[in-house]
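Participant:
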Amino acid sequence: NAGVTQTPKFQVLKTGQSMTLQCAQDMNHEYMSWYRQDPGMGLRLIHYSVGAGITDQGEVPNGYNVSRSTTEDFPLRLLSAAPSQTSVYFCASSYEGTGRAYGYTFGSGTRLTVV
Amino acid sequence: AQKVTQAQTEISVVEKEDVTLDCVYETRDTTYYLFWYKQPPSGELVFLIRRNSFDEQNEISGRYSWNFQKSTSSFNFTITASQVVDSAVYFCALSEHRGGADGLTFGKGTHLIIQP
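Sequences listed follow chains A and B, in order. Just so we're aligned, residue 22 is where the first sequence starts under our numbering, counting upward by one. Just so we're aligned, residue 616 is where the second sequence starts under our numbering, counting upward by one.
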C-alpha cells in the first residue's frame, strides 16, 4: 500500500551513539517533515523539506541532521544520541492538495530510547 | 509565530454523551490551514479534517462536526453520541502553507476518555 514507511519501529541507543531513522514515501509528495512526540508536549517539528536538495530547521532541530537527495527519502540522523532525545519520532509527507479531505500522511512512528 | 492551544488536557465522559474539544490558534497570516488528527492507543496518527481559513462553513461527517470561528480564532471539534472507540488523544494543528510545506504546528493534545 502507498504511504510513509518508517524504520526501525523501535530502537535502543547508548548515549553518544549515532544512528539514522529512515523515512520513505511512494506517493511522489513534494514535502516531507520530521516530528518528535513527547508526553504532554504534542508533536514538535524537527526539520522539514520542500523538495529534493532543500531542507530547513523546525522548532527543535538541535542534535539532528537531515538531507534529501531524492523525492522519496528523508532520513533523520542523530550524530551523538543523548537521553533527551528519547521520544517517538514521526515522519510525514504532503503536497499542495486541495479540498477539505486533504491532509498530511504520517508514518507509524519510531520509538527511540537513549540510555 | 504561529501557535495552537488545546486547553483541555483530559476529558472523561460516559458513552453516548456529546463532547466538544476546543482548539484556539494564533497566526499572523490571513491564509492558513487547520487540521484535526486522532491518535488512538495504538499510536498512529489518523487524519480527520483540513479546513482553509477562507472557508468558514461548518463541517459534519457522521458523528463528527467542526465549528470554525474566525472571529475567535477557534476550530472546535464535537463528537455526538460518543462511543468507546472514540477514546484517543486528539490533536489540532495549523499550517500557513496550503501543502504544509513548512510543517505543522500542533497543540499539545486532548486525551479523550469515553467510559462505557
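Cβ atoms here follow ideal geometry from the backbone N, Cα and C, with glycine treated the same way.
Within 8 Å (strictly less), CB to CB, does F31 of chain A reach chain C?
Facilitator: Absence of chain C from the displayed structure is noted, the protein chains being A and B.
Participant: Spell out whether any CB of chain B is found under 8 Å from the CB atom of Y110 of chain A.
Facilitator: It does not: the Cβ of Y110 of chain A has no partner Cβ on chain B nearer than 8 Å.
Participant: Going by C-alpha distance, which of A:M48, A:E80, A:Q78, A:G84 is nearest Q38 of chain A?
Facilitator: Here the closest residue by C-alpha is A:G84.
Participant: On the DSSP bridge assignment, give the partners of I728 of chain B in chain order.
Facilitator: DSSP, once it has assigned bridges, lists B:S627 as partnering I728 of chain B.
Participant: What does a CB cutoff of less than 6 Å around L719 of chain B pick up in its chain, not counting 5 residues either side in sequence?
Facilitator: The answer, listed in chain order, is A708, S710.
Participant: How many whole angstroms separate the CB atoms of W55 of chain A and Y116 of chain A, which I take to be in contact at a CB cut-off of 8 Å?
Facilitator: At roughly 17 Å, the Cβ-Cβ gap does not stay under 8 Å, so W55 of chain A and Y116 of chain A are not in contact.
Participant: First and last residue of the beta strand (DSSP E) that includes C112 of chain A?
Facilitator: 108–115 is the span of the beta strand (DSSP E), which, as asked, contains C112 of chain A.
Participant: Report all residues from its chain with a CB closer than 6 Å to the CB of T635 of chain B; omit the five preceding and five following residues, and keep chain order.
Facilitator: So the qualifying residues of the chain are N691, T693.
Participant: Under 8 Å, with one C-beta from each stretch per pair, do the stretch 22–35 of chain A and the stretch 43–54 of chain A reach the 3-pair mark?
Facilitator: Output reads yes: the stretch 43–54 of chain A touches the stretch 22–35 of chain A.
Participant: When you check each C-beta in the stretch 653–672 of chain B against every C-beta of chain A, which residues fall closer than 7 Å?
Facilitator: Under the 7 Å Cβ criterion, the stretch 653–672 of chain B contributes G658, E659, L660, F662, I664, R665, R666.
Participant: Is E93 of chain A close to chain B? Criterion is C-beta to C-beta, closer than 8 Å.
Facilitator: No - not a single Cβ of chain B is within 8 Å of the one on E93 of chain A.
Participant: Quick one: which residues of the stretch 715–731 of chain B get their C-beta closer than 8 Å to a C-beta of chain A? List them in chain order.
Facilitator: Correct list: G715, A716, D717, G718, L719, T720, F721, G722, K723, G724.
Participant: Buried or exposed for R666 of chain B, going by 16 or more other Cβ atoms inside 10 Å?
Facilitator: Counting Cβ neighbours within 10 Å, R666 of chain B comes out buried, since at least 16 surround it.
Participant: Buried or exposed for I67 of chain A, please, with buried defined as at least 16 other CB atoms from any protein chain shown within 10 angstroms of its CB.
Facilitator: I67 of chain A comes out buried.
Participant: Hey, quick one: how far does the beta strand (DSSP E) through H712 of chain B stretch, first residue to last?
Facilitator: H712 of chain B -> no beta strand (DSSP E), and no H or E assigned at all.
Participant: Which first and last residues belong to the beta strand (DSSP E) in which H68 of chain A is found?
Facilitator: Run containing H68 of chain A: 63–72, per the beta strand (DSSP E) assignment.
Participant: Starting from R713 of chain B, find everything on chain A with Cβ-Cβ shorter than 7 Å and list it in chain order.
Facilitator: Within chain A, the residues near R713 of chain B are E117.
Participant: Which stretch, first to last residue, makes up the beta strand (DSSP E) that contains Y85 of chain A?
Facilitator: Where Y85 of chain A is concerned, the enclosing beta strand (DSSP E) stretches over 85–87.
Participant: Would you kindly work out how many angstroms separate the C-alpha atoms of T126 of chain A and G715 of chain B, rounded to a whole number?
Facilitator: Computed Cα separation, rounded: 11 Å.
Participant: In the DSSP assignment, what residue or residues form a beta bridge with L719 of chain B?
Facilitator: According to DSSP, L719 of chain B bridges with nothing at all.
Participant: For chain A, find out if any of its Cβ atoms is closer than 8 Å to the Cβ of F650 of chain B; answer yes or no.
Facilitator: With 8 Å as the cut-off, F650 of chain B counts as an interface residue toward chain A.
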